Amino acid sequence: MADETKTLTRERIALGDLLRHADDKQKLPAAVPPKTVPVEPLVPQPGQQTLAVGQRVTRPDSRNHGLGQTKYIDDLTLPGMLYAKIKRAGIASARIVRIDTSAAEAVPGVMAVITASDIPVNSFGPTFQDQPVLVGDIVRHAGDGVAAVAAVTEQIAAEAVEKIVIEFEPLPAVFDPLEAMQEHAYKIHAPNSNIYASKVIRKGDVEKGFAQSDRIFEGQFTTQMVEHVPLEPHAAIADWDANDRLTVWATIGRITLARADLARTLTLPMSRVRLIGTIVGGNFGGKNEISQEPALALLSKKAGRPVKGVFTRSDEFISTTTRHPFVMNYKTGVTKDGRILARTVRLVLDGGAYCSWSATTLGKACILASGPYNIENLISEAFVVYTNKTMTGAMRGFGAPQVCFAYESQMDDIAKALGIDPIEIRLRNAFGEGAISPTGQSLHSVVVKESLLTAAERFGWEERP
Amino acid sequence: MKRRGRGVACMWYPIGFTVDANPSAAVVKVNEDGTATVLTGTVETGQGSLAVLGQIAAEALGIAAADVYLVSGDTDTTPMDTGAIASRTTYVTGNAIVRAAENAKAILFQTAAQMLQVAVTQLEARDRKIQVKGFPQHSVSIGDVAKRSQVVLGQPPIGSASWNPPTVAMDPETGQGKPFSTYVYATQIAEVDVDDETGEVDVLRIAAAHDCGTPINPMLVEGQIEGGISMGIGFALQEEMLFNADGRQMNPNLTNYIMPTSLDMPEIAVDIVANYDATGPFGAKGVGEPSLVPTAAAILNAIHDAVGVRITSLPATSTNSTSSCNGCGRRVRSTSRTRRSTRACRSTPTRRGTSP
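Residue numbers (numbering that gives the first Met the number 0), protein chains in the order written: chain A, 0 to 464; chain B, 0 to 355.
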């Protein structure tokens, strides 16, 4: 019975929303023509022209999705196509002493095997080119690829990968970001420091702000590493043709950058690389850069046949980017009536073995760390450090979910300690139109307070005595 | 005993890259039958961007969304685009498409001005017609205009344009600057039940009020928010990649990496906060990433409200929070309703196993 009620409520809410939005947006333009010619507005206004914006238009891909007719990489086959598998290091920090691929090459059906020495420029990355396509020397996390095999079937490729022998000399490793920051820590990209990017935002005078505060709240918050888990794993097909022109079909959200990276790693003129972005079966930031594509291209060149690579779920976890774990220290000074006078934030991001989109994540997190609140006196500093773990990179929210967890947890602690309603304390501090952001930017179209009041009304939030 | 709690979290989030140039370019071709083809270098990654971009082109041309066909994601045939990243597609690619459509429309207007014997400034495109402002009965169909432009006047109505959000570099010492062109804002409020004996957390409902500027397609905005909340619930309560002491992953599979399924979803009530950003296409900003930003914070505040436990380390699982429970021995943990039997995997005391 309870479940029935729940379902009905949900339906009622959904229908209500639908009708409300539909009513707002589907109003027909006024039928009576104006007497005078209207002045051209500076910007086109929705609803004043043919109805397109604001409509609940059906997606052009929905029918194909619904009928199972969408063609993802795994649905595509080219004549003579081979299947690739990548051998992973399986050790977090080591020097490769020897790689023996002869047993793999001898497996019937194996058409090509490549290692680091086959790659013209063995590095890539959107900010720093610190990531090898296949590792030839130093292994920096257990998911590093060491060799790639192309065979006539996926099973043969998997079998051949198992026959590759790698001799390692283990190296020291560091897994904790705070430990990796220390001077004596093992340097993952020697001779460089493990701290590979930092950012600071200073505004006002925090010492003065804390001195004027009635109460000071301090806390440390930490978050974990998570995966994007798209339904479709990383997948691509590379076809290196007889004219030395490379076509790659890939499930990737950024084809312009991917083509540039491919051309660079393969030392091909960009005009010889065509990248076709197929329908992506979930991205969430995880498919914003190349991964196995250069290896597939070189296997195709070597074998003279198109090569497909589809990551297993395990490959997806151990070798692709993930969300940064954060260690966040917040210190906030407030008045008795809950106004924030000063805040210092220190963020340490666990960057994993390679940079990927860490510098961008760091920047966004550092800027957003103080929350949508007016704070006159602020220091926000952020560091990202290498560790011998799966690399972290772009993921939906780019550092914002982590800092939001910290600043909003502390906001509730402050509200509770001061006896102020959680909605009210946010309204007192929230940005309004024209508010100045931590970076000194004047903000426009700001609706923090409106969103607080709308959500509170929808939820049925009532102040407790 | 189950204890109920409520928690609020709000957020701000930027649209587009941090300072770095992130342009998009687009080509809009109006066909002889009055439909249009848009070439864009972005890629549909499941979020419905092609539907939204088609609506933007249609609005700019005065035709219906179904009249627009998009060709996307090919470095040989489509113009450059920085890509489906940073919640920028609607805002940046949308702005490029508006401008490209305006350029194509300018050619149509020149032709239509001759056909209707009025000045170009007197014209507007609407309802698949080009008409004289204020006198809609005085009109020609866009298809006829496009055909005449191409076949008689030799000027095919094709427009191209690019757009890059204006930013100002940040000072390296103080961080002062204009890193983003615009931001969106949102609040989510969660209601949870926490079993104070088992520590099980059940997220009952979430009210989500999001700003995205003009919602180009409210249905897709709601879809993004609901999907984001699912991801936020996993981040708050369930998901965690575990490493052993040697730095190897212990749960690189969907048996032991617990994430929300449809059965874990609470009731979600989405409100799109009325807003208009004059810098966006028809007032639009974006919604992709912001949808999950406040979810975990709201849930953790609701747990705190329910049982007085301030969890400072995500995810809020039992091993993570027993020590933080006011010494009362209460445990807070989340349970996937579909995978309760696999919970044991999460209780292994390896969470901090990566630190030697």
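Using N, Cα and C, we set each Cβ at its ideal position, and we do this for glycine too. Since we're looking at a predicted model, the values are computed, not measured.
query                                                                                                                                                                                                                             : result
Could you name the residues of the segment 135 to 151 of chain A whose beta carbon sits closer than 9 Å to any beta carbon of chain B, in the order they occur along the chain?                                                   : His-140, Ala-141, Gly-142
Less than 6 Å between C-beta atoms, sequence neighbours within five positions excluded: which residues of the same chain meet that for Pro-289(B)?                                                                                : Tyr-12, Val-183, Ala-185
On the CB-based measure, 16 or more other CB atoms within 10 Å of its CB, does Val-119(B) come out buried or exposed?                                                                                                             : exposed
Any beta-carbon of chain B closer than 9 Å to the one on Lys-315(A)?                                                                                                                                                              : First, the amino acid is wrong: residue 315(A) is Glu here, not Lys. Yes, Glu-315(A) counts as interfacial toward chain B.
Taking its Cβ as the centre, do 16 or more other Cβ atoms sit within 10 Å of Arg-463(A), making it buried, or is it exposed?                                                                                                      : exposed
Within 9 Å (strictly less), CB to CB, does Tyr-90(B) reach chain D?                                                                                                                                                               : The displayed structure is made up of protein chains A and B, and chain D is not among them.
Would Gly-337(A) pass as a contact of Ile-422(A) if the rule is Cβ separation under 9 Å?                                                                                                                                          : no
Between which residues of its own chain and Glu-512(A) is the CB-CB distance below 7 Å, once the five residues before and five after are set aside?                                                                               : This structure cannot settle anything about residue 512(A), because the visible part of chain A is limited to 0 through 464.
With three or more beta-carbon pairs closer than 8 Å as the criterion, would you say the segment 89 to 100 of chain A touches the segment 288 to 301 of chain A?                                                                  : no
Are Val-333(A) and Ile-413(A) touching if we call contact CB-CB under 9 Å?                                                                                                                                                        : yes
Closer than 7 Å between beta carbons: that is the criterion. Which residues of the segment 210 to 226 of chain A meet it against chain B?                                                                                         : Gly-218, Gln-219, Phe-220, Thr-221, Thr-222, Gln-223, Met-224, Val-225, Glu-226
State whether the segment 122 to 134 of chain B contacts the segment 74 to 87 of chain B, with contact taken as three or more CB pairs (one from each stretch) at a distance under 8 Å.                                           : no
Whose Cβ in chain A lies nearer than 9 Å to the Cβ of Leu-49(B)?                                                                                                                                                                  : Arg-58, Pro-59, Asp-60
For Ile-366(A), decide whether its Cβ has a neighbour in chain B, counting only Cβ atoms nearer than 9 Å.                                                                                                                         : yes
Looking at Glu-315(A) and Leu-340(A), is the spacing between their C-beta atoms short of 9 Å?                                                                                                                                     : no
Could you tell me which residues DSSP puts in a beta bridge with Ala-189(B)?                                                                                                                                                      : Gly-6(B), Ile-205(B)
Excluding the 5 residues flanking Phe-207(A) on each side, which residues of the same chain have their C-beta closer than 8 Å to its C-beta?                                                                                      : Checking the sequence, you will find Lys at residue 207(A) rather than Phe. These residues qualify, in order along the chain: Ala-341, Asn-376.
Leaving out the 5 sequence neighbours to the left and right, which residues in its chain are closer than 6 Å to Gln-219(A) when beta-carbon positions are compared?                                                               : Asn-328
Taking its Cβ as the centre, do 16 or more other Cβ atoms sit within 10 Å of Ala-63(B), making it buried, or is it exposed?                                                                                                       : buried
Tell me the DSSP secondary structure of Leu-77(A) in three-state form.                                                                                                                                                            : coil
Within the chosen definition, does the segment 14 to 32 of chain B reach the segment 377 to 386 of chain A through at least 3 CB pairs nearer than 8 Å?                                                                           : no
What in chain A is Cβ-close to Ala-295(B), meaning under 8 Å?                                                                                                                                                                     : Pro-400, Cys-403, Phe-404
Output, in chain order, the set of chain A residues within a Cβ distance shorter than 9 Å of Ala-206(B).                                                                                                                          : Thr-453, Ala-454, Ala-455, Glu-456, Arg-457, Phe-458, Gly-459, Trp-460
Is the shortest distance between the beta-carbon of Asn-300(B) and the beta-carbons of chain A less than 9 Å?                                                                                                                     : yes
Cβ of Ser-369(A) within 9 Å of Cβ of Ala-208(B)?                                                                                                                                                                                  : no
Could you please give the first and the last residue of the uninterrupted beta strand (DSSP E) stretch that includes Met-327(A)?                                                                                                  : 325 to 333
Does the segment 387 to 407 of chain A come close enough to the segment 279 to 290 of chain A that 3 or more CB-CB pairs lie under 8 Å?                                                                                           : yes
So which residues of chain B does Val-279(A) contact, with C-beta pairs closer than 8 Å?                                                                                                                                          : Val-42, Glu-43, Thr-44, Gly-45, Ala-83
Using 8 Å as the cut-off, can you tell me whether the segment 68 to 77 of chain B makes contact with the segment 31 to 48 of chain B, which would need three or more C-beta pairs spanning the two stretches below that distance? : yes
Just to confirm my understanding: we take Leu-52(B), look at its own chain, exclude 5 residues before and 5 after, and list those with CB closer than 7 Å. What are they?                                                         : Val-37, Thr-39, Leu-69, Thr-92, Gly-93, Ile-96
What is the C-beta distance between Asp-73(A) and Ala-234(A), in whole angstroms, given that I count them as a contact (C-beta under 8 Å)?                                                                                        : 6 Å
Quick check on Thr-266(A): buried or exposed, where buried means 16 or more other Cβ atoms within 10 Å of its Cβ?                                                                                                                 : exposed
State the Cα-Cα distance for the pair Val-445(A) and Thr-260(B), rounded to the nearest angstrom.                                                                                                                                 : 34 Å
Taking C-beta to C-beta, are Asp-117(A) and Ser-318(A) nearer than 9 Å?                                                                                                                                                           : no
Give me, in chain order, the residues of the same chain whose beta-carbon lies closer than 8 Å to that of Ala-168(B); leave out the 5 immediate sequence neighbours on both sides.                                                : Val-18, Gly-176
Using 9 Å as the threshold, is the C-beta distance between Ala-146(A) and Thr-114(A) below it?                                                                                                                                    : yes
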